[in-house]
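What follows is a set of notes on a single structure, which appears directly below.
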Amino acid sequence: MLIRRRMKFGKPEHPAEKLVERKTRRRIASVILVMSLVIGMLNIYPNRASMSEITQAEQMGILGYEAFTILADRPDQPVPINQITQDRIEQLKQTTDLPAINLSGAAQGRNVIMLQLESFQNFLIGLQVDGQEITPHLNQLVRDSMYFPNFYQQVGQGNTSDAEFVVNTSFYIPPNGAAATVYADKALPSLPKLMSASGYQTATFHTNDVRFWNRDQLYQALGFDNYYDIKTFGTNDTIAFSASDDVLYDKTLDQLEAMQSTGSPYYAHIISMSAHHPYHLPDSKIGITLPARYQDTLPGDYLISQHYADQAVGEFINGLKERGLWDHSLLVVYGDHLGLPIYSLDPEDEVLMEEIYGRAYTSVDMINIPLIVNAPGITPAMQLKQLGGQVDILPTIAGLTGVSLQDQLHFGQDLLREGGNLLPERYYLPSGSVLNDTSLFVPATGYGDGVHYSLANAGRHDAPQWNIPSEEASHHRTDEASTTLSGSSSSNELSSASSAGYVTKDQYDRALQLMHLSNSYLIQLPEHHAAQ
Numbered sequence: 001m002l003i004r005r006r007m008k009f010g011k012p013e014h015p016a017e018k019l020v021e022r023k024t025r026r027r028i029a030s031v032i033l034v035m036s037l038v039i040g041m042l043n044i045y046p047n048r049a050s051m052s053e054i055t056q057a058e059q060m061g062i063l064g065y066e067a068f069t070i071l072a073d074r075p076d077q078p079v080p081i082n083q084i085t086q087d088r089i090e091q092l093k094q095t096t097d098l099p100a101i102n103l104s105g106a107a108q109g110r111n112v113i114m115l116q117l118e119s120f121q122n123f124l125i126g127l128q129v130d131g132q133e134i135t136p137h138l139n140q141l142v143r144d145s146m147y148f149p150n151f152y153q154q155v156g157q158g159n160t161s162d163a164e165f166v167v168n169t170s171f172y173i174p175p176n177g178a179a180a181t182v183y184a185d186k187a188l189p190s191l192p193k194l195m196s197a198s199g200y201q202t203a204t205f206h207t208n209d210v211r212f213w214n215r216d217q218l219y220q221a222l223g224f225d226n227y228y229d230i231k232t233f234g235t236n237d238t239i240a241f242s243a244s245d246d247v248l249y250d251k252t253l254d255q256l257e258a259m260q261s262t263g264s265p266y267y268a269h270i271i272s273m274s275a276h277h278p279y280h281l282p283d284s285k286i287g288i289t290l291p292a293r294y295q296d297t298l299p300g301d302y303l304i305s306q307h308y309a310d311q312a313v314g315e316f317i318n319g320l321k322e323r324g325l326w327d328h329s330l331l332v333v334y335g336d337h338l339g340l341p342i343y344s345l346d347p348e349d350e351v352l353m354e355e356i357y358g359r360a361y362t363s364v365d366m367i368n369i370p371l372i373v374n375a376p377g378i379t380p381a382m383q384l385k386q387l388g389g390q391v392d393i394l395p396t397i398a399g400l401t402g403v404s405l406q407d408q409l410h411f412g413q414d415l416l417r418e419g420g421n422l423l424p425e426r427y428y429l430p431s432g433s434v435l436n437d438t439s440l441f442v443p444a445t446g447y448g449d450g451v452h453y454s455l456a457n458a459g460r461h462d463a464p465q466w467n468i469p470s471e472e473a474s475h476h477r478t479d480e481a482s483t484t485l486s487g488s489s490s491s492n493e494l495s496s497a498s499s500a501g502y503v504t505k506d507q508y509d510r511a512l513q514l515m516h517l518s519n520s521y522l523i524q525l526p527e528h529h530a531a532q
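Just so you know, full-length UniProt numbering puts 196 at position 196 of the sequence shown, and the rest follows in order with no gaps.
Below is the structure:
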């Protein structure tokens, strides 16, 4: 550096010296670049086959993982669309018949109101903190309804919009990206189109701008007659991104009453938003005071937000009854996605979650959401223990309303008629994660070194066991929350996994095939404007 300064401010540099210096710098830069690429490849290559995006990112490093995802973003060869049939899907799922609950077509002609609750996890149902109920109105609804506590999210990068997509199509989310951007140009088979063909009006209600997450295109692809967004709900009384749940339900009730007056039934999909992360409510909306140990914590803020969301749901149900809409409707309520990711909790938060659950908080708990189904005067009040996921909502509604799925490809199943479920997961858990009736499997590099979480350990220890007098409440807990099967190519280990109820290699493979069939079918559909 001193020599260069003397050359610069003293004797002028010779042009040949400048050329040599530039070439030297280029050679050094090239060597550094090559060495960086080699080091990067040494991190990327051994981890390229891992099914776990989390493992890949940890081992490759952030830049290496980003480079890998760009270079490797070549989807598998799609299965020809004419080879994707309902029979093939059923063969992969291997469903079984459930003991009959004779409700097929029982809600025919009723309005269908589907309420999607923001960030609402199943542990909230029946939860009390120092004697205070967190969700008293939803607790009462559960007592009066068919309640599915073993129900799970199946969303990805699009979060809330992914939930809207899955429940309205009975297809899985894409391998990469949000469904609302990847599939929104397609002529999607959907619940709104099914209901329209049966004489229903269809509408969706969301207080945010319809352009957020490309919903304007998604709603066209799904075939909704109308959507109501920020233009309807305004910007007063804002929480998080948009107008409060109070405003959402109040103005939606006006629209539902107007739709009822036409004499035709309607399907309404309502998206709540107020309990959105980071769970900061204005003081005027806070209706509960938690103990000091919950103050200024993520779980504490979450419970306060969900208490408000529950109060708003209670007012909405009262409004349905007061306006004469309740007795003519089928109400379906579910959570859109998790609210408390394990990886976002600090040690203080983890202690609170262990207090809530009576044990450590696990991946099973994280993705567990409730499903509540109520058709007044029709559906019995009971807990139904069968495994379900968001992909199952469409066929379950179709079964209750008597809408035929004969010509509608779907990956879910009617939870009142079919058991033996197989639920693929991705994004919040690594691709290849899957639930069967007894466990959740989460892969690392693949099946052989994955982890099995028993569903027998799921739920809070003090979770309510309402309306199941014929069944003994189970609070079984094993000492281990999970089991790792290493080198599962061993027939003895596979046999052990099967006998213990763990996800088998065959189920793991079939779940991957199901996701590939779903994506293959959707990407080969015509664009929706071309299909009209």
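Beta carbons are placed, not taken as given, at the ideal position from N, Cα and C, and that holds for glycine.
Proximity below 9 Å, CB of residue i to CB of residue j
{"i": "residue 373", "j": "residue 333", "result": "yes"}
{"i": "residue 357", "j": "residue 461", "result": "yes"}
{"i": "residue 221", "j": "residue 188", "result": "yes"}
{"i": "residue 249", "j": "residue 203", "result": "no"}
{"i": "residue 508", "j": "residue 450", "result": "yes"}
{"i": "residue 538", "j": "residue 209", "result": "Summary: the structure shown does not reach residue 538, with the chain confined to residues 1 through 532, and so no result is reported for it."}
{"i": "residue 268", "j": "residue 255", "result": "yes"}
{"i": "residue 510", "j": "residue 423", "result": "no"}
{"i": "residue 340", "j": "residue 361", "result": "yes"}
{"i": "residue 393", "j": "residue 183", "result": "no"}
{"i": "residue 139", "j": "residue 181", "result": "no"}
{"i": "residue 455", "j": "residue 391", "result": "no"}
{"i": "residue 317", "j": "residue 134", "result": "no"}
{"i": "residue 110", "j": "residue 330", "result": "yes"}
{"i": "residue 114", "j": "residue 201", "result": "no"}
{"i": "residue 282", "j": "residue 335", "result": "no"}
{"i": "residue 156", "j": "residue 178", "result": "yes"}
{"i": "residue 381", "j": "residue 145", "result": "yes"}
{"i": "residue 205", "j": "residue 228", "result": "yes"}
{"i": "residue 218", "j": "residue 148", "result": "no"}
{"i": "residue 388", "j": "residue 93", "result": "no"}
{"i": "residue 452", "j": "residue 431", "result": "no"}
{"i": "residue 411", "j": "residue 517", "result": "yes"}
{"i": "residue 303", "j": "residue 129", "result": "yes"}
{"i": "residue 168", "j": "residue 191", "result": "yes"}
Anticipated Cβ contact below 8 Å, residue i with residue j, distance rounded
{"i": "residue 434", "j": "residue 503", "result": "6 Å"}
{"i": "residue 153", "j": "residue 271", "result": "Not confirmed; about 15 Å, so no contact."}
{"i": "residue 150", "j": "residue 413", "result": "14 Å between Cβ atoms; not a contact."}
{"i": "residue 464", "j": "residue 131", "result": "Their Cβ separation, rounded to whole angstroms, is 15 Å, which puts residue 464 and residue 131 out of contact at 8 Å."}
{"i": "residue 107", "j": "residue 320", "result": "Residue 107 to residue 320, Cβ: 15 Å. No contact."}
{"i": "residue 429", "j": "residue 121", "result": "Actually they do not touch by this definition, with Cβ atoms about 15 Å apart."}
{"i": "residue 521", "j": "residue 84", "result": "5 Å"}
{"i": "residue 417", "j": "residue 97", "result": "7 Å"}
{"i": "residue 274", "j": "residue 310", "result": "About 11 Å separates the two Cβ atoms, so there is no contact after all."}
{"i": "residue 408", "j": "residue 124", "result": "Actually they are not in contact, since the Cβ atoms of residue 408 and residue 124 sit about 33 Å apart, beyond 8 Å."}
{"i": "residue 247", "j": "residue 224", "result": "Wrong, their Cβ atoms sit about 21 Å apart, outside the cutoff."}
Residue(s) in a DSSP beta bridge with residue i
{"i": "residue 268", "result": "113, 203"}
{"i": "residue 148", "result": "371"}
{"i": "residue 96", "result": "419"}
{"i": "residue 334", "result": "116, 371"}
{"i": "residue 539", "result": "Absent from the structure is residue 539, since the part of the chain shown begins at 1 and ends at 532."}
{"i": "residue 133", "result": "128"}
{"i": "residue 434", "result": "424, 441"}
{"i": "residue 329", "result": "111"}
{"i": "residue 228", "result": "205"}
{"i": "residue 382", "result": "146"}
{"i": "residue 284", "result": "DSSP lists no partner for residue 284."}
{"i": "residue 315", "result": "Answer by DSSP bridge pairing: none, since residue 315 is not bridged."}
{"i": "residue 505", "result": "Answer is none; residue 505 lacks a bridge partner."}
{"i": "residue 161", "result": "The partner list for residue 161 (beta bridge, DSSP) is empty, contrary to what the question assumes."}
{"i": "residue 186", "result": "527"}
{"i": "residue 389", "result": "152"}
Per-residue burial, residue i [other beta carbons within 10 Å of its own, 16 or more giving buried]
{"i": "residue 186", "result": "buried"}
{"i": "residue 23", "result": "exposed"}
{"i": "residue 514", "result": "buried"}
{"i": "residue 476", "result": "Its pLDDT being 30, under 50, residue 476 is placed unreliably in this model, and the value from its coordinates should be taken loosely. Looking at its Cβ environment, which holds fewer than 16 other Cβ atoms inside 10 Å, residue 476 is exposed."}
{"i": "residue 236", "result": "exposed"}
{"i": "residue 34", "result": "exposed"}
{"i": "residue 197", "result": "exposed"}
{"i": "residue 263", "result": "exposed"}
Residue i Cβ short of 8 Å to the ligand COA heavy atom set
{"i": "residue 214", "result": "In the structure shown, the ligand COA is absent, as is every other ligand, since no ligand is present at all."}
**Asked** Is it true that the region 362-377 meets the region 73-88, where meeting means three or more beta-carbon pairs spaced less than 8 Å apart?
**Response** no
**Message:** Whether or not the region 286-304 and the region 340-353 are in contact is what I'm after, with contact meaning three or more pairs of Cβ atoms, one per stretch, closer than 8 Å; do they touch?
**Reply:** yes
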